[in-house]
Amino acid sequence: MTRRAWFFGTYFVVLAVGVSAAVPVAPRLLWNSTASVPVGLYRLRAEGGLHVGNLAALRLPDRLALLLSERGYLPLGVPLLKPVAALPGQTVCRADGGITIDGRPVGDALTSDHRGRPLPVWRGCHCLMRGEIFVMNPAEPRSLDGRYFGPLPASTVMGRAIPIWVTTGRTATSHDERPHPLLLLPPLQ
9 MTRRAWFFGT YFVVLAVGVS AAVPVAPRLL WNSTASVPVG LYRLRAEGGL
59 HVGNLAALRL PDRLALLLSE RGYLPLGVPL LKPVAALPGQ TVCRADGGIT
109 IDGRPVGDAL TSDHRGRPLP VWRGCHCLMR GEIFVMNPAE PRSLDGRYFG
159 PLPASTVMGR AIPIWVTTGR TATSHDERPH PLLLLPPLQ
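Counting from 9, one number per residue, gives the positions in the sequence shown under the working numbering.
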């Protein structure tokens with residue numbers, strides 16, 4: 009091989025590595041091992057709209073992400089997977105610890121976590137506007153979700169999380185266990 013071929017070969021390899029390192033790419037696969045949704049591998053689908061019941065991958069607002077990190081619920085920078093419970097036009101209420109959507113009871117909120125620390129509280133009714141979303145897992149009474157932090161900006165949605173391979177059981181059977189939350193895998197090529 010000639011020097012010129014070596015030079016251009018090396019040049020293009022270095023260029024490709026440099027470009028791939030400089031261009032931010034959103035993760036395409038998410039691993040969940042929390043108790044809120046089934047443990048397993050999920051594919052992130054960013055395009056298309058969300059519907060009630062879809063599983064959303066969320067990048068939480070900084071203040072909320074910091075609270076969850078400080079309490080050991082979810083590390084900073086790790087997306088939260090939660091079912092979509094309400095969309096614009098629906099009314100979400102929290103009164104006396106009970107959560108309703110369009111007047112229908114969907115769950116209760118706890119007052120403290122497994123260590124006795126008070127959980128965030130919001131009160132009243134809120135009709136979701138365009139650009140808002142409410143996430144909640146009514147099947148998991150201890151899920152840290154909208155029952156504690158209320159509606160979220162739709163801009164927090166990274167996309168729909170579609171199960172690729174999930175178990176029927178849960179990794180964390182109690183909040184005293186400290187499972188690794190979500191592991192981000194590199195994008196698919």
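Even glycine gets a Cβ: it sits at the ideal position worked out from N, Cα and C.
- The DSSP assignment places 99-103, 106-109 and 112-116 as complete runs of the beta strand (DSSP E) inside the stretch 90-121, in order along the chain (cut-off: 3 residues).
- By the neighbour-count criterion, in which 16 or more other beta carbons inside 10 Å mark a residue as buried, Ser44 falls on the buried side.
- For Ala73, the enclosing alpha helix (DSSP H) covers residues Asp70 to Glu78.
- For Arg168, same chain residues with a beta-carbon under 7 angstroms away, outside a window of 5 residues either side, are Arg53, Gly56, Leu58, Asn62, Leu63 and Ala64 in chain order.
- The beta carbon of Ser163 sits closer than 8 angstroms to those of Gly139, all from its chain and outside the five residues before and after it, given in chain order.
- Of Val174, Lys90 and Tyr50, the smallest CA-CA separation from Leu68 is found for Lys90.
- Within the same chain, Cβ atoms closer than 6 angstroms to the Cβ of Ile172 are found at Leu49 and Arg51, the five residues on either side in sequence being excluded.
- Rounded to the nearest angstrom, the gap between the Cα atoms of Thr175 and Ser41 is 10 angstroms.
- Less than 8 angstroms divides the Cβ of Pro87 from the Cβ of Leu66.
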